[in-house]
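Using our numbering, the first residue of the sequence shown is number 49, and each one after it goes up by one. One structure is given here, and the rest of the page talks about it.
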Amino acid sequence: MDMGRTRTTTATGTTVETATTWRLRVRMDDSPGTLARVTIRLADLGCNILGLQVMPVPGGVVDELVIRPAPGLTRAELIEALAAEGGECAGVTDADVHELVDPAATALAAAGRAVDDPAKLAEVLREVLAADVVTLVPSNEANPARTEGGHRRVFPAGADGALVARRSWAPFVQLEITRAEAMLGLLAAVRANLSGPAVVTCGDGAMVVLRPGLPADTDAVFALHTRCSMGTMFHRYHTGMRTVPRRWLHRLLMPPRGLSLLAVAGREVVALGQLIPSATGGAPEVSLLVEDGWQRQGLGTALLGRLAELGAAAGYRELVAVCLPGQDAVRRAAQRAGLRVPAPDAPEGLLRIEIP
């Protein structure tokens, strides 16, 4: 049962649920004594104030109160009493004990959940804003100019589109909007930081740095290809070429809408991974190239695990890799990285990899 409601039985024997906790917002002048008059009036009505937050707005303040109303008090009576003390009630809605959590603590806890699972971003934003609903839509459908009297707000979500928040019981105030924007900025910074350098230890104890590929790495990536055997090149490119044309290097390092991840030992690039989004909106493709002398040291597993983290941060739950019949190196690397390979290779030669 909702912690903010209770069941009572009427004289006719009918059981009904009534709210025992309300959340209300009162707009008032920011002058000495105004809040005191409102709280005294609430006390006269038999209301118990459980929580209070003061939010500055142009021309005054909005006080958000969580109260336990006196038995039999109606919302209309409450609004009339507040108006008599100079307060304009902007909205009243049912509440529960969760409304008593400190807003900053709520926002931080919500941000933590969004870091763990980016797919919950809309749900987390709804909680932080106390919104009725938050939906993710394409950017060209967001229409931020339509505010619906302050009850609608659009938040850009980068390449994912835009988040549209709606609330019927009270308009959004700037303090809430600023708090939500700060949380989204924090999550964007966390997502960007995932693509920063990371250090891994290979099976033989060698330390290797994983970092994003840059245009300046073209010579080092070309040298990587020249050191790879024809068998390694064939497993990566599925053709009999000995090395790659130099005109391919920029695309390998900066794939359209995707990214490359390099494994660097000293001054040499010893492995290359790619994450390339699908043009049709499906699962992104991953590919790996590990220099022969560095194979079977856990480097492919580390690359694939890092690419899966980056894919998860972008909201993906599945990756695909093109594999030839009998080629199971990517499958084994995925399983060692803690990823799921739920079924045999698809008929089209795609290995499907689930991100837990």
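C-beta: ideal position from N, C-alpha, C; glycine also.
By the beta-carbon neighbour count (other beta carbons within 10 angstroms, threshold 16), arginine 315 is exposed.
Between alanine 254 and the set Arg295, Pro219 and Val312, the nearest pair of CA atoms involves Val312. Counting only residues of its own chain and dropping the five nearest sequence neighbours on each side, aspartate 165 has no CB closer than 7 Å to any other CB. Taking valine 109 as reference, the option from Ala362, Glu357 and Ser79 with the minimal CA-CA separation is Ser79. Looking from the CA of valine 257, the closest CA among Pro263, Thr249 and Ala264 belongs to Thr249.
Boundaries of the alpha helix (DSSP H) harbouring phenylalanine 282: 278-285, taken from the DSSP string. Distance check between alanine 152 and each of Met231, Gly135, Asp111 and Gly81 places Met231 closest, using alpha-carbon atoms only. Nearest to alanine 159 by alpha-carbon distance, out of Ala132, Leu234 and Pro263, is Leu234. Residues Val257, Leu258 and Arg259 of the same chain have their beta carbon placed closer than 8 Å to that of proline 245, with the five preceding and five following residues left out of the count.
If you ignore the 5 residues before and after tyrosine 364, its C-beta comes within less than 8 Å of the C-beta of Ala331, Pro332 and Ile403, all in its own chain and listed in chain order.
Pairing aspartate 376 with arginine 275 gives a Cβ-Cβ distance that is not under 9 Å. Using a C-beta cut-off of 8 Å, the stretch 164-178 makes contact with the stretch 206-222, since at least three inter-stretch Cβ pairs fall below that distance. Annotated three-state conformation of arginine 75 is strand, per DSSP. For proline 263, the secondary structure class from DSSP, reduced to helix, strand or coil, is helix.
In the three-state DSSP reduction, proline 204 falls in the strand class (E or B). Judged by pairs of C-beta atoms under 8 Å, the stretch 340-350 does not touch the stretch 294-309, as fewer than three such pairs exist.
Its chain contains Ala118 as the residues whose beta carbon lies nearer than 6 Å to that of glycine 94, once the 5 sequence neighbours on both sides are disregarded; these appear in chain order.
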